[in-house]
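Inspection log for the structure reproduced underneath, given as structure tokens.
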Amino acid sequence: MAPAAPRVGRRTIEALLATHAASLRERSLVLVHGHYVAGAPTRFTATLENEPRRVQVRDESSVLGVMAAWQDHRHEAGPGDVLVVTTGVDDEQLGWDLRGRAVRRRTLTVENAEVVTQRFGATGLDVRMYGKEWLLEALLEAEPADAGWPRVGGLLTLDTALRALTAQRLGLGETSSVAGTQAQPPTLDTDTLLAWSRTPAGPLRFAELPATERAELKKWLGDTAGPAAPVLLSLAEVGLGHDAMALGVLAAALRDPAVAPDTALAIGGLFGQVMPRRAALSAFTDAVEGTLTRWIAQARTNLSARQRVFAVIDRADKLAEMAGLVGALTTSRFLPTGFAAQLGRTIAEARRSSAAGEAALADLEGHGLASLHPDRVHVAEMAVRVARWLERTEPAVPTVAEGTRSHVTDWGWADRALTLLWAGDPGGDLTTARELQGLYEQGRARRQRLDEQFARRLAAWSAHATARQPDGALVIENVLESVVRPLTGAGAPLVVVLDGMSCAVAIQLGEEMEREGWWEVVPRSPEGQSAGRMSAVSMLPSVTRTSRASLLTGEPVQGGQSVETAGFIAFWKRRRREAALFHKADVGGETGHALAHELMGALASEAVVGVVLNTIDDALDKGQQGRGTTWALDDITHLRDLLSAARGYGRPVVLVADHGHVLERGSRTESAAVSGTGAVSPRWRTGGRAEDGEIEIRGPRVLEGGGSIVAPWREDIRYTGRKAGYHGGVSLAEVTVPVLALVVAAEQTPKGWEVLPRERSTPAWWREPVPGAEPAPAPRPATGSDGPTVSVALRQDVPDPVDASPAQAASPAVQQVTATLGSEVVASEVYEAQKEYVRKAPETKVVAAVIDALVTAGGTMSPAALAAAISATGRVRRNIEGFVATVQRLLNVEGYPVLGFVDAGHAVKLDVPLLRDQFLPKPKE
């Protein structure tokens, strides 16, 4: 009895024809023992001995059928055409007459092993493959139609064959488009397989394979790609392949031994017929979370990766909702609802205490989706900062000068954070919104109390204050003389008036200016006081007509652009300087030019140049800002171009406002929409007595209403139509004028001034939790030079040698206790060895000071603050980048990154644990 006829495909036929090509020179009939695969092409062209031959395949189950096929071929075929007949009829039934016309005069038997060897161009097969008939048949059936299997050249191993078959069956990789050439094999790992599960047809292709082949491929992939692969393929088998990653996100909850039985049952129901063992399921969830983590990292800069991540996590959220699992999975690291829940918890904990908020914020930042929602995490950070601020002793406003100074250095930062809380959760979560509202109202209440105190101090101060007797305050009409004029020694300054810039906006711009490489400078603070950003008091009312004109003319006046231009030129002419002032219409250039030709000419000259930019004020007036809370350099028209030009010409820059603003945040009292008597502006009026939330202001600096106006200190009072923001009132945010003096290099710092690093311009509660004590005042450099200095905080755990008693100073024990990490490092043997490889190494005291300053700052400092640490040793380093590069050669032993730049070169980071490991290793026990 003849053996059962095997299945035969096109590739098997081609292999047989190639094997017997010599016999086909004279014969055109090939009899093959087998059944031709249904759906395979019955007519195709094969290349035999470098010549194309047309091939027809007929599958016949009887002798008469075989005879009929041969007769048809004889009458219809052309020269060189080949007929292949697949049949299960044995040779004895076919007879000698027909067999005598066929190749080898008999029915050819298909040897799958031989065909597979031939199709891979191999010299032989792995002996383990001979017993796997399913594999040989699958390899013959799955061979790529165009290019065939890649050529291996030597022995075809079982692993190579299975890898090629898996890639082809799953559609994971294509062979080379050129027949017989080697293609790059796909990587078969869990990342690849999980990505494959998200393709439209991938899981379906696997589900349609024969059962034996599916089982064998799952087993092999389990050994090759890990235990997660069989779970994934089992899900594909039952039609859940596309949801596999989403199910893996949900199944992560089962790792918790304390998971509720109802939760475990609901998750098991989502897996349907697939019931993996606990270890396999754990491996699968680990693989899903690992892949998602890598995708999320790519999603920061790749839109398609971002879409891929959200497709998975949104589907997981949907499945959780369908199964009633949303409440049980709030701690999930990858569910959007889990992220929203953690965000809400962070705000709620911050309302309870800043310490609790800090802990919850750390959990939020560790959430798998945190990097996808930096704006939402930023809101949580602001909430924790507001909580810290609220826990500090409530400040008071002793004087107008102290009020404006505190606002630009402290309370304005609170305004910045409160503005973000008021804007709410960008994700629109209602629970989070309620918590944010509660925290916002707490912070706003404190700010309102400060505004009321300030308004009362302002009313008393305004009755007698003048430019000549400002009672310690910097008034806006003195900014040109007190701030801009000292900078002329380093070059003609550029004065940029940002109409309506509040302290909260100035804070954001100041941070970006530092990242752009500008150095902020301020007058050296009196002994015992910390340096801080400058601020001035606006003219009253705090509107453009009075404040901007007074700023640009250097005297208390009111007027429009003509008054400002004439006054600006006259002010500098009296000081023997040329000057030019440009307003909004004069700034923009023609086609192809960012700035006007006249403006560029002025910047190239020795004249003091002033430019007025109205972007902020216009946006608030026309409602263009909406609920926006940030102002970047690129948001303010022409600002970046002006700064670039100033840098090119080496000009110092002064960014200054004419007044601040308050935002429209809705009405909370009946007085919010009151129509004031004599109201000519949203935030000030004449006539009538002051009502609740208002105050009457009189004095020589009140340039409207005959020297007397009524203005609100509460931000929710307005007298005219609704806009995005307002000015003219007497709140701290409107009256305080931020002033930022900037230089291109520290060498441009005027005599008697100092550089203000970010660490000294930022309140401590903004950066990190503070135990209640204010930071110590910045120490003076050892040198008595009048040149530029930089403020920096020294280590708080090291007593100041100036305050030490003589006995302490002489005590060796005390000296040992006060040794710093920097001094220990530079005294180590490793450091001495490193110095041998560094030509002209810095002094050890300088390197020690840098290390100690970085340790005190938590490991990261701005370049300006790093310059401070060097300056405190009595040494000045003009090229901070080159200095850091030299210190890197000293500290980065064997290339380990102990010290380096981060944040695109705008900060210096010291890895303290790695520093200790390299220079002060612990002795082995």
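Residue 1288 is where the sequence shown starts when you use our numbering, and the numbers rise one by one after that. Think of the CB as a built atom: it goes at the ideal place given N, C-alpha and C, for glycine as much as any other residue. Since this is a predicted model, take the numbers as computed values, not measurements.
| For Gln1358, which of helix, strand or coil comes out of DSSP? | helix
| said: What does DSSP give as the partner residue(s) for Gly1875 in the beta ladder? | reply: Leu1882
| Alpha carbon to alpha carbon, how far is Arg1721 from Arg1632? | 12 Å
| Quick one: what does DSSP say Phe1558 is sitting in, helix, strand or coil? | coil
| message | So, under 8 Å CB-CB, Tyr1895 and Leu1929 are touching, yes? Tell me the CB distance rounded to an integer number of Å. | response | First, the residue type needs correcting, since residue 1895 is Val and not Tyr in the sequence shown. Not quite, the Cβ-Cβ distance comes to about 14 Å (not below 8 Å), so this is no contact.
| query | Relative to the alpha-carbon of Thr1691, which residue among Gly1711, Gly1819, His1320 and Leu1590 has its alpha-carbon at the smallest distance? | reply | When only C-alpha atoms are compared, the closest one is Gly1819.
| query | Could you give the distance in angstroms between the alpha-carbon of Gly1935 and the alpha-carbon of Glu1803? | reply | 13 Å
| request: Kindly indicate if chain D contains any beta-carbon less than 9 Å away from that of Asp1413. | output: Here there is only one protein chain, and chain D is not present.
| query | Apart from the five residues on each side of it in sequence, which residues of its chain come closer than 8 Å, Cβ to Cβ, to Val1390? | reply | So the qualifying residues of the chain are His1307, Ser1310, Leu1311, Arg1314, Leu1316, Val1317 and Leu1318.
| Selection from Ala2033, Glu1842 and Glu2034 that minimises the alpha carbon distance to Ser1825 | Glu1842
| Rounded to a whole number of angstroms, what is the C-alpha to C-alpha distance between Gln1585 and Leu1659? | 10 Å
| request: For Gly1690, name the three-state secondary structure that DSSP assigns. | output: When secondary structure is reduced to three states using DSSP, Gly1690 falls in the helix class.
| said: Can you give me the C-alpha to C-alpha distance between Glu2061 and Arg2054, rounded to a whole angstrom? | reply: Note that Glu2061 has pLDDT 38, beneath the 50 cutoff, so the model's placement of it is unreliable and no number is given.
| message | Using only the alpha-carbon positions, how far apart do Thr1580 and Arg1675 sit? | response | 32 Å
| task | Please work out which residues of its chain come closer than 7 Å, Cβ to Cβ, to Gln1740, disregarding the five sequence neighbours upstream and downstream, and give them in chain order. | result | Ala1683 and Val1684
| Beta-bridge partners of Thr1633, as assigned by DSSP | Paired residues: none, contrary to the question.
| task | Confirm, please, whether the CB-CB distance from Val1943 to Val1762 is below 9 Å. | result | no
| Which residues DSSP lists as bridging Phe1331, in chain order | Val1342
| field | Cβ pair Pro1828, Val1687 closer than 9 Å | value | no
| field | Counted within 10 angstroms of its Cβ, other Cβ atoms place Asn1238 as buried (16 or more) or exposed | value | A query on residue 1238 cannot be resolved here, the shown segment of the chain reaching from 1288 to 2212 and no further.
| message | Going by DSSP in three states, His1529 sits in which element: helix, strand or coil? | response | helix
| query | Is it true that the stretch 1850-1863 meets the stretch 2031-2038, where meeting means three or more beta-carbon pairs spaced less than 8 Å apart? | reply | no
| query | Under a three-way DSSP split, which group does Tyr1727 fall into? | reply | helix
| message | Please classify Gly1888 as buried or exposed, where buried requires at least 16 neighbouring CB atoms within 10 angstroms. | response | exposed
| query | In whole angstroms, what separates the C-alpha of Arg2009 from that of Glu1951? | reply | 8 Å
| message | Taking its Cβ as the centre, do 16 or more other Cβ atoms sit within 10 Å of Val1525, making it buried, or is it exposed? | response | Around the beta carbon of Val1525, a 10 Å sphere encloses fewer than 16 other beta carbons of the protein chains shown; the residue is thus reported as exposed.
| field | Under the three-state DSSP convention, the category Arg1298 falls into | value | helix
| request: Can you tell me which of Glu1430, Gly1375, Asp1377 and Asp1378 puts its alpha carbon nearest to the alpha carbon of Val1402? | output: Glu1430
| task | With a threshold of 16 other CB atoms inside 10 Å of the CB of Asp1604, please say whether the residue is buried or exposed. | result | buried
| At what residue ranges does the stretch 1492-1528 contain a whole run of the alpha helix (DSSP H), taking only runs of 4 or more? | 1498-1512 and 1515-1524
| field | Nonlocal neighbours in the same chain, by C-beta distance under 8 Å from Leu1920, ignoring five residues either side | value | Leu1796, Glu1799, Met1800, Glu1803, Leu1926, Arg1927 and Leu1930
| said: Taking the alpha carbon of Asn1901 as the reference point, which residue from Ala1966, Val1844 and Val1830 has its own alpha carbon closest? | reply: Val1830
| task | In the DSSP assignment, find the alpha helix (DSSP H) that holds His1948 and state where it starts and stops. | result | Counting along the chain, His1948 falls outside any alpha helix (DSSP H), and DSSP gives it neither H nor E.
| task | Please work out which residues of its chain come closer than 6 Å, Cβ to Cβ, to Ala1754, disregarding the five sequence neighbours upstream and downstream, and give them in chain order. | result | Val1762, Glu1764 and Asn1765
| task | Work out the CA separation of Leu1423 and Trp1436 for me, nearest whole Å. | result | 13 Å
| query | DSSP puts Phe1869 in a beta bridge; with which residues? | reply | For Phe1869, the beta-bridge partners assigned by DSSP are Val1898.
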